[in-house]
Each structure stands twice: as C-alpha cells, then as structure tokens.
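Please read the structure below before turning to the comments.
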Amino acid sequence: MKEFTVAEIESAVGGKLAAGSGESIVRGFSIDSREIRPQMMFFAIVGENNDGHDFIEQVIEKGCRTIAVSDESKVSQAKDLGADVILVDDTTKALQALAKYYLNMLPLKKKIGVTGSVGKTSTRDFVYYVASSRYKTGRNKKNYNNAHGLPLSILEFDEDTEIAVLEMGMDAPGEIDLLSEIVRPDIAVITKIAEVNIALMRDLDNIFKAKMEITNYFDENCTLIVNSSCPMLAADKVAGDYGLVTVGVCGDENYTVKDICDLGDKGIKYTLIRDHKEYKITLPVAGAHNALNSALAIAAGELIGIDPKEAAKGLALAELTGKRLKVTETENLKVIDDTYNACEDSIKSAIDTLAATSGDRHVAILGDIIGLADKAEKSHRAVGRYAAEKGTDLLIAVGREAVYYAEGAKELMGESKVMYFPEKEDFIKVKDRVIQKGDVILVKASRGMEMEKIVNEILG
C-alpha cells in the first residue's frame with residue numbers, strides 16, 4: 007500500500023487544503039468510522055442513511071489526522087481537533103478520483119474487469135489465482151465491488167502490482183459505466199446474464215445492456231471474454247470493435263468445457279479443450295457451475311501470457327471469498343454455507359452440489375430470493391420442484407416468498423418432506439428437533455435474508 011502526502015491527495019482529487027500543512031503522511035483510507043486506524047484518511051461520504059460528516063470527532067479520536075469533507079461548515083470542527091482537511095465538491099467522486107490516480111501510477115501490465123449477474127466474485131477469485139501464478143496481482147477486498155468499495159480496494163494495492171483484477175457490481179444502469187471509467191479495463195469478463203435485480207432492471211435486455219457497460223471504454227486492443235453458453239451472451243450479441251473470446255459447453259467456442267464431474271464438497275473436475283488440446287482441470291471448490299467460471303479465468307490467463315497448464319496449477323490453490331459454497335464438516339454434520347446471495351440459477355446449482363455431497367440425508371434450507379417482483383412465485387416454485395427432482399430428502403423453506411418453494415416441492419415430494427417457516431427465528435426454535443446426525447445441509451438465500459444466522463445456530 008502506497009503512502010501519500012496530504013498535498014498529493016489534494017492535487018489528485020482536485021480539492022482545496024482547508025486546514026493543515028499538506029505534509030502529513032496518509033497510510034490507508036476508509037469511509038467507515040468503525041474501521042479507522044491511526045494515520046488513515048477518512049472520506050466523509052454523504053449516504054442515504056448516514057452522513058460521514060457526523061463522525062468527524064469520532065474518527066479523530068481514533069487517530070485519523072486527514073479528512074475529506076464536502077460540507078464546508080465542518081472544516082473548523084476538524085481543524086480545531088487537529089486534523090488536516092481537504093475540501094471537495096463531492097467526497098464520493100474525490101475517492102474515485104484518487105483511486106483512478108493511483109491505478110494509473112501502478113506498473114500494471116493489464117487491468118481485468120469482471121461482471122455478470124451471478125458468479126462474478128468467484129470468477130474474479132479464479133482470475134486472481136491464475137494471474138498470481140506468475141504476476142503480483144491485486145483484487146477487490148472482500149465483496150467491495152461498488153462505487154465506494156472498488157476505489158477503496160484499488161487504494162490497498164501494493165505499489166508493485168502488475169495485474170489488477172476488479173469485480174464490478176451494479177444495482178442500476180450506469181453503475182458499471184462509472185466503475186469502468188475508473189478502471190479502463192484491458193480485458194473484461196462477463197459471466198452470465200440472469201434475473202437478478204429484475205424488479206429494478208425490469209427485463210433481461212436491460213440487465214444485458216448494463217453489464218455490457220464494462221466495454222464502454224474499450225478500444226481495438228481490448229478483449230471481451232464471455233460465457234457464450236448463456237443465450238444473452240452469444241457471440242453475435244456481444245461482438246464489437248474489440249477482441250472477443252468465447253467460453254462454453256457447446257463445442258464451437260474458443261474454450262470448450264466438457265466432462266464436468268461434480269465431487270460435491272470435494273470440488274470438481276472437468277476437461278477443457280483449447281486449440282484441439284485437452285487439459286484436465288481440478289478445482290478444490292464446490293459447485294459444477296464453477297467449471298465455466300474457472301474456464302473464463304483460464305481464458306483471461308492466456309491473454310496475459312499464462313497457458314492453460316500453468317493456469318490449472320493456480321486454480322488448484324483457489325479459495326473463494328465469503329460464504330460461497332463454504333463447506334464446514336463437524337463430527338455429526340456437513341453444512342454447505344452459500345448464504346452470500348441467490349437467484350434461481352444459483353440456487354439450482356447449489357442444490358446440484360448438495361445432491362453430489364455424501365451424507366445420510368440431504369437437507370435444503372432455502373430463504374427468499376429478493377427482488378423478483380412479479381416473477382417471485384414462478385421462480386420460487388421452480389426451485390422447489392428442482393429440489394424435489396434432485397432427490398432432496400427434506401426441504402425447509404424460510405421467509406415470506408419461500409412458501410412457494412414449499413408449494414413447488416410438494417408437487418413432487420410428500421408433505422412430510424417439506425417444512426415452511428415464515429421467519430428464521432421460527433425454524434431456529436425447532437432446529438434441534440429437525441436436524442439429525444449425518445445430515446448434509448445446504449443453506450442459501452438472498453443476502454438480505456441473513457441466513458448465516460441459521461448456519462451459526464446449526465454449527466453452534
């Protein structure tokens with residue numbers, strides 16, 4: 007992580023040094039008063055629910071000595087408490103400008119952007135492990151993929167970073183354009199287009215257009231990599247004045263995935279065909295869907311000089327960020343924690359992993375998919391039926407919309423194998439009477455359901 011002087015930051019963000027000499031040293035950045043450590047700089051972000059300007063005294067008490075503000079009336083308060091103050095028009099834009107400035111300083115060989123409706127964090131991690139097999143590589147911190155998180159992640163990169171792998175998330179049109187303008191990726195990866203945030207985006211075409219914003223700053227030297235098995239990402243739909251690489255399962259792609267073997271909690275194996283050569287790929291990560299995600303990473307690796315054989319060695323070390331098919335095994339149980347987020351496709355993939363994992367009884371604890379609007383009933387019913395088709399022994403549906411999981415499952419499996427609870431707490435109260443020794447349990451839902459609480463209760 008680079009050390010900055012306050013004067014350098016002032017110049018990079020186009021602000022005004024309103025207090026202090028500008029000679030102080032900054033080591034690290036935050037927008038969260040709870041994370042502040044001595045010598046970090048605090049950007050007072052004005053958000054929907056909180057105003058960072060209200061926490062100036064608190065961050066200074068924690069050792070912060072440099073603050074960016076957009077509220078001029080707060081300058082004197084920070085100055086009186088001994089802080090250097092940079093006054094800017096917009097603290098969010100200032101943070102983004104500083105990240106762009108620093109990214110342009112780095113000795114980067116390539117910048118790789120990753121987006122998609124599902125699988126983007128896993129794919130980002132796979133690209134990171136492939137690139138790290140040869141280069142000093144930086145990636146987003148945790149799940150920091152938005153207008154604040156991505157810049158903060160960049161500012162944590164080491165000064166000798168050679169490859170930047172940056173995931174870009176979105177909730178609305180224009181957000182990926184903003185992130186792409188900061189990063190200006192040389193290579194972009196789009197994993198899949200699916201009905202995520204459909205209530206806000208209205209239809210798949212709008213989601214597709216928003217994801218394609220990752221190419222807005224491309225030139226003829228840039229390359230887009232897509233999962234062309236997704237109909238919305240067919241080659242003729244995504245072609246442009248840039249390079250195009252396709253990855254899929256149909257046989258006519260640049261990289262073809264075949265013979266996927268789901269080993270449940272042990273990972274997956276598959277064969278990758280590239281230029282008529284076959285490569286055997288083994289992943290220590292659960293989920294058959296990760297075959298395509300990792301193949302996208304192999305394609306990205308070849309664009310930075312890493313052949314598939316070398317890439318496979320990097321992938322063999324891969325670990326995924328956060329609660330994504332994280333398997334915890336105790337003396338009595340296996341729990342597959344996939345609680346970070348969910349859509350219909352990703353829950354079905356997780357159910358596949360559950361079915362492939364050894365255990366006495368296969369239990370799916372599924373919470374609501376949030377943001378489906380008028381598609382909620384159809385999607386939840388489809389997932390319930392799918393769980394039944396895959397041989398799930400017990401389906402536990404949790405949440406308001408989850409009642410449709412239960413109804414869908416009951417169409418194909420007996421009522422005794424389906425349980426419904428309107429709230430998490432309702433299930434937690436009876437969990438000890440429901441969960442049995444030898445169970446393998448999948449827990450999955452949208453992030454807003456906070457289903458990790460159920461995981462924690464089960465694991466004790």
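Residue numbers in the sequence shown follow the numbering used here, run continuously in steps of one, and reach 466 at the last position. Just so it is clear, CB atoms sit at the ideal spot from N, CA and C, and this is done for glycine as well. Keep in mind it's a predicted model, so treat the numbers as computed, not measured.
{"Query": "Beta-carbon spacing of A301, V244 below 9 Å", "Result": "no"}
{"Query": "Helix, strand or coil at F433 according to DSSP, with G and I counted as helix", "Result": "helix"}
{"Query": "Segment contact, 8 Å Cβ cut-off, at least three pairs: the segment 262-269 with the segment 314-323", "Result": "no"}
{"Query": "Buried versus exposed, by CB contacts within 10 Å (16 or more), P157", "Result": "buried"}
{"Query": "Whole-angstrom distance between N212 and A292, CA atom to CA atom", "Result": "31 Å"}
{"Query": "Residue span of the alpha helix (DSSP H) that contains K85, given as start and end", "Result": "81-86"}
{"Query": "Buried or exposed (CB count within 10 angstroms, at least 16 for buried), V409", "Result": "buried"}
{"Query": "Local Cβ density within 10 Å of K117, reported as buried at 16 or more and exposed below that", "Result": "buried"}
{"Query": "Reference I310; option with closest CA among T359, E54, N227", "Result": "N227"}
{"Query": "Residues that DSSP places opposite S36 in a beta bridge", "Result": "F48"}
{"Query": "Range covered by the beta strand (DSSP E) that runs through H386", "Result": "No beta strand (DSSP E) contains H386, which is instead part of the alpha helix (DSSP H) from 382-395."}
{"Query": "Cutoff 8 Å; reference D247; Cβ partners in own chain excluding five residues on either side", "Result": "F224, D225, E226"}
{"Query": "Local Cβ density within 10 Å of N462, reported as buried at 16 or more and exposed below that", "Result": "exposed"}
{"Query": "DSSP bridge partner residues for R367 (one or two, in chain order)", "Result": "D445"}
{"Query": "Burial state of I1, where buried means 16 or more other Cβ atoms lie within 10 Å", "Result": "No statement about residue 1 is possible, as the shown extent of the chain runs from 7 to 466 and does not include it."}
{"Query": "Beta-carbon contacts of I92 that lie in its chain and below 8 Å, excluding the five residues immediately before and after", "Result": "V12, I15, E16, V19, G21, K22, L23, A24, T72, I73, A74, V75, A100"}
{"Query": "8 Å contact criterion, which E456 and E350 should meet: CB distance rounded", "Result": "That belief does not hold up - the Cβ atoms of E456 and E350 are roughly 20 Å apart, past 8 Å."}
{"Query": "Assumed close pair L400, K416 - CB separation to whole angstroms, cut-off 8 Å", "Result": "Their Cβ separation, rounded to whole angstroms, is 13 Å, which puts L400 and K416 out of contact at 8 Å."}
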